[in-house]
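*Asks:* Here it is, the structure in full.
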Amino acid sequence: MSVDHVKAAVERSVPSYRGRTGDWEGVLERARHAPVRRDWKRPAAVVGAAILALVLFWPGDGGERILERARAAVAGGPVVHLVLQSRSQEFYDLRRGGLRRVPVEEELWFDESRGLRRIERIDGRVLDDVLYEAAGPEVARQFLGLTEVYRKALAVGDAEESGRSEIDGREVRWITFRVRYPEHGIASYDAEHRVAVDGETYEPVLWRAGGAEYRILSWETLPRGRGDFTAARTENGLVQGLYGATRVGVRAPNEAREVLPNAVWLGRRFGDLTLEPIRVMRYETGPWTRGGPAESLPGLELCYRAGESCAVTVSQTIAPQPMSGRGHGWSVTPAPGTLALADAEGLGYLVRDGVYVTIQADSREELIAAAKVLTPIP
Amino acid sequence: MGVAVVWGVARTRDELLEEIELIYRHRYPAFLRVAVAITGGEQQGADAVQDAFVGVVRSRRGIRRRAALEAFVWRAVVNAARDRRAVRAEAGQPPDLIAPSAPEPDERVRRAIAELPERQRLVLFLRYFADLDYLAIGRIMGVRPGTVAASVHAARAAVKQRLEEKEPACP
Numbered sequence: 279m280s281v282d283h284v285k286a287a288v289e290r291s292v293p294s295y296r297g298r299t300g301d302w303e304g305v306l307e308r309a310r311h312a313p314v315r316r317d318w319k320r321p322a323a324v325v326g327a328a329i330l331a332l333v334l335f336w337p338g339d340g341g342e343r344i345l346e347r348a349r350a351a352v353a354g355g356p357v358v359h360l361v362l363q364s365r366s367q368e369f370y371d372l373r374r375g376g377l378r379r380v381p382v383e384e385e386l387w388f389d390e391s392r393g394l395r396r397i398e399r400i401d402g403r404v405l406d407d408v409l410y411e412a413a414g415p416e417v418a419r420q421f422l423g424l425t426e427v428y429r430k431a432l433a434v435g436d437a438e439e440s441g442r443s444e445i446d447g448r449e450v451r452w453i454t455f456r457v458r459y460p461e462h463g464i465a466s467y468d469a470e471h472r473v474a475v476d477g478e479t480y481e482p483v484l485w486r487a488g489g490a491e492y493r494i495l496s497w498e499t500l501p502r503g504r505g506d507f508t509a510a511r512t513e514n515g516l517v518q519g520l521y522g523a524t525r526v527g528v529r530a531p532n533e534a535r536e537v538l539p540n541a542v543w544l545g546r547r548f549g550d551l552t553l554e555p556i557r558v559m560r561y562e563t564g565p566w567t568r569g570g571p572a573e574s575l576p577g578l579e580l581c582y583r584a585g586e587s588c589a590v591t592v593s594q595t596i597a598p599q600p601m602s603g604r605g606h607g608w609s610v611t612p613a614p615g616t617l618a619l620a621d622a623e624g625l626g627y628l629v630r631d632g633v634y635v636t637i638q639a640d641s642r643e644e645l646i647a648a649a650k651v652l653t654p655i656p
Numbered sequence: 062m063g064v065a066v067v068w069g070v071a072r073t074r075d076e077l078l079e080e081i082e083l084i085y086r087h088r089y090p091a092f093l094r095v096a097v098a099i100t101g102g103e104q105q106g107a108d109a110v111q112d113a114f115v116g117v118v119r120s121r122r123g124i125r126r127r128a129a130l131e132a133f134v135w136r137a138v139v140n141a142a143r144d145r146r147a148v149r150a151e152a153g154q155p156p157d158l159i160a161p162s163a164p165e166p167d168e169r170v171r172r173a174i175a176e177l178p179e180r181q182r183l184v185l186f187l188r189y190f191a192d193l194d195y196l197a198i199g200r201i202m203g204v205r206p207g208t209v210a211a212s213v214h215a216a217r218a219a220v221k222q223r224l225e226e227k228e229p230a231c232p
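Protein chains in written order, with my numbering: chain A, 279 to 656; chain B, 62 to 232.
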């Protein structure tokens, strides 16, 4: 009973429904006539702002110093500067071998009048540095309006100290509290957060929520006009493009380079797997992306088949967005010769000769083996 | 996960609506397949997908980045399907018979999958029907990717063990 056997059996148990299109108009019709029960006066709160809110309004028992700092910051015009270590990314060195896990650092500058600047770094390398200008008022409401949510949480006894422990030799006190957003009627926003505060200074050290863990490297508030809001690029607050992947044809390997000149493959065979005819893909954004026309990028998908399913799939295109926006969850573009590994087993991402490639395999070992033999299609 | 959890960026209702529509149109077969697998009935599955998207469209102002949107939608579909199944069970209605996509050569395999704990079945459905990675499944189920990986492993192991058990002898 192999993994493939189980996978194939699961696949067989329910029809694929390929070609079904659903009834989008029906969704809209029902949504239009369904009663709207929410009052949107208060903006949706963002869980991450919990850190700020907690720090700003956490009461008593040693937290007075933080409260004083918070009051001063609010009174003087709050410019917030926060540095978080949000997650880590694992890399495999394809030349020398060896795995390395590197933390990803996020630095945030916020000023209601200037917007929010976000700098993402890994290994000291800046991955992205963007100022969201038009997002200012909305983010402001989220940063500042959230405080009421937490005041309520504290008022109804939803917060409690939940023990002590040690983080990197530093004594911390854990505080657990419920975050409720009943006005939104979204159950998933009703969540338990845990924050570790330094046992002596009461400054937050670690925050856990929704399965994520954020190390708080630094936090400060500055007077109005202060702070560094000079970013490498600016955006008007719209989200990144959403890429749909559409198969538009198939090609023989010798024709694939007409689609992507630097296309890569694992050869006609990879171990006991056989390459199917190469799928030609179009990765497309919607017309709303950044207010401009739809983008359409060429791509290829190589399926190395074993039995009924693709045991290894190599997807590639000429820009990072489609590869990083396909549910893989990473925003990190790996350095040349390096394979970024997702936490999910068998999923990796690399860049080679200007081609952005993701590889999905059944295991991490198979993924690394595939990445090592990746070569240009002759 | 990145900044999606740390802060939100303003978007208009129409932009969100268009994104939701694209996800619906692009991924409908996968949504339907997972919903059918959970509810045990094709019509119930289709209804659950509609229920979920109606809810998502109505509550879209509470959604922020695209990265979170897809997980949010999937979570809505899974929850709607569970609700539909619960309603059916309360009413004492058995699930419909789903025509499998292909004949199952080993009926024990199908039975072993059907008898898995719900969480293990769900991760298999999301993994294989929706082609989601462990990170995405973790977001949908509110657990860490490692927990998803462990559930997949446990599901595979359970199926394997079930199949290696000897069939009970007839009395």
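We treat Cβ as the ideally placed atom computed from N, Cα and C, and that holds for glycine.
So is residue 111/B buried or exposed if we call it buried at 16+ other beta carbons inside 10 Å?
*Replies:* That one is buried.
*Asks:* What residue range is occupied by the uninterrupted alpha helix (DSSP H) comprising residue 57/B?
*Replies:* A question about residue 57/B goes unanswered here, because the residues of chain B that appear run from 62 up to 232.
*Asks:* Do residue 557/A and residue 528/A count as a contact pair if the criterion is CB distance below 9 Å?
*Replies:* Going by C-beta atoms, residue 528/A is nearer than 9 Å to residue 557/A.
*Asks:* Suppose you measure from the CA of residue 295/A to the CA of residue 106/B; what does that come to, to the nearest Å?
*Replies:* Whole-angstrom Cα-Cα distance: 12 Å.
*Asks:* Count the other CB atoms within 10 Å of the CB of residue 98/B; is the residue buried (16 or more) or exposed (fewer)?
*Replies:* By the 10 Å Cβ count, residue 98/B comes out buried.
*Asks:* Please classify residue 176/B: does DSSP put it in a helix, a strand, or coil?
*Replies:* Coil, per DSSP.
*Asks:* Count the other C-beta atoms from every protein chain shown that fall within 10 angstroms of the C-beta of residue 118/B, then say buried if there are 16 or more, exposed otherwise.
*Replies:* Burial call: buried.
*Asks:* Express the C-alpha separation of residue 643/A and residue 504/A in angstroms, rounding to a whole number.
*Replies:* Straight-line Cα distance between these residues: approximately 49 Å.
*Asks:* Taking 9 Å as the CB-CB cut-off, is residue 239/B touching chain A?
*Replies:* Summary: the structure shown does not reach residue 239/B, with chain B confined to residues 62 through 232, and so no result is reported for it.
*Asks:* Shortest alpha-carbon distance to residue 506/A belongs to which of 614/A, 393/A and 374/A?
*Replies:* Closest option to residue 506/A, Cα to Cα, is 393/A.
*Asks:* Mind pulling the chain A residues with CB within less than 8 Å of residue 93/B?
*Replies:* Per Cβ cutoff of 8 Å: 295, 298 and 300.
*Asks:* Are the region 75-87 of chain B and the region 637-653 of chain A touching, with three or more C-beta to C-beta distances below 8 Å?
*Replies:* At 8 Å Cβ cutoff, the stretches do not touch.
*Asks:* Would you call residue 638/A buried or exposed, if buried means 16 or more other Cβ atoms sit within 10 Å of its Cβ?
*Replies:* By the neighbour-count rule (16 or more Cβ atoms within 10 Å), residue 638/A is buried.
*Asks:* Could you check if residue 574/A is buried or exposed, using at least 16 other CB atoms within 10 Å of its CB as the buried criterion?
*Replies:* Exposed is the call here.
*Asks:* Determine the burial state of residue 367/A: buried for a count of at least 16 other Cβ atoms within 10 Å of its Cβ, exposed for fewer.
*Replies:* So residue 367/A counts as buried.
*Asks:* I want to see whether chain A comes within less than 9 Å of residue 178/B, judged by CB atoms only; does it?
*Replies:* Cβ-Cβ to chain A under 9 Å: no for residue 178/B.
*Asks:* Using a C-beta cutoff of 9 Å, does residue 111/B count as contacting chain A?
*Replies:* For residue 111/B, the answer is yes, since a Cβ of chain A falls inside 9 Å of its Cβ.
*Asks:* What residue range is occupied by the uninterrupted alpha helix (DSSP H) comprising residue 295/A?
*Replies:* Where residue 295/A is concerned, there is no enclosing alpha helix (DSSP H), given that its DSSP letter is neither H nor E.
*Asks:* So, helix, strand or coil for residue 385/A, using DSSP?
*Replies:* Correct three-state label for residue 385/A: strand.
*Asks:* Between residue 109/B and the rest of its own chain, which residues show a CB-CB distance below 7 Å, the 5 nearest in sequence each way excluded?
*Replies:* Around residue 109/B: 96, 100, 138, 141, 142 and 145.
*Asks:* Start and end of the beta strand (DSSP E) containing residue 407/A?
*Replies:* Element bounds for residue 407/A: 403-410.
*Asks:* Which residues in the same chain as residue 180/B place their Cβ atom closer than 7 Å to its Cβ, once the five residues preceding and following it in sequence are excluded?
*Replies:* Counting only Cβ-Cβ distances below 7 Å, and skipping sequence neighbours, we find 212.
*Asks:* Using only the alpha-carbon positions, how far apart do residue 497/A and residue 384/A sit?
*Replies:* Roughly 12 Å separates the two Cα atoms.
*Asks:* Would you say residue 359/A lies against chain B (beta-carbon separation less than 9 Å)?
*Replies:* No - not a single Cβ of chain B is within 9 Å of the one on residue 359/A.
*Asks:* Starting from the beta carbon of residue 170/B, find every residue of chain A whose beta carbon is closer than 7 Å, and list them in chain order.
*Replies:* Ordered by position in chain A, the residues that pass the 7 Å Cβ test against residue 170/B are 287.
*Asks:* Would you mind telling me which residues of chain B sit closer than 8 Å to residue 308/A, beta carbon to beta carbon, in chain order?
*Replies:* Ordered by position in chain B, the residues that pass the 8 Å Cβ test against residue 308/A are 111 and 115.
*Asks:* Between which two residues does the alpha helix (DSSP H) holding residue 502/A run?
*Replies:* That residue, residue 502/A, is in no alpha helix (DSSP H); it is neither H nor E in DSSP.
*Asks:* Taking residue 201/B and residue 135/B to be in contact with their CB atoms under 8 Å, please state how far apart those CB atoms are, rounded to whole angstroms.
*Replies:* At roughly 4 Å, the Cβ-Cβ gap stays under 8 Å, so residue 201/B and residue 135/B are in contact.
*Asks:* Under 9 Å Cβ-Cβ, which residues of chain A neighbour residue 148/B?
*Replies:* Within chain A, no residue comes near residue 148/B; the closest Cβ sits about 17 Å away, beyond 9 Å.
*Asks:* For chain A, check one thing: does any of its Cβ atoms lie closer than 9 Å to the Cβ of residue 217/B?
*Replies:* Yes, because at least one Cβ of chain A sits closer than 9 Å to the Cβ of residue 217/B.
*Asks:* For chain A, is any of its Cβ atoms less than 9 Å away from the one on residue 143/B?
*Replies:* Closer than 9 Å: no.
*Asks:* Consider the Cβ of residue 183/B: report whether some Cβ of chain E lies at a distance smaller than 9 Å.
*Replies:* Annotation note: the requested chain E is absent from the structure, which comprises protein chains A and B.
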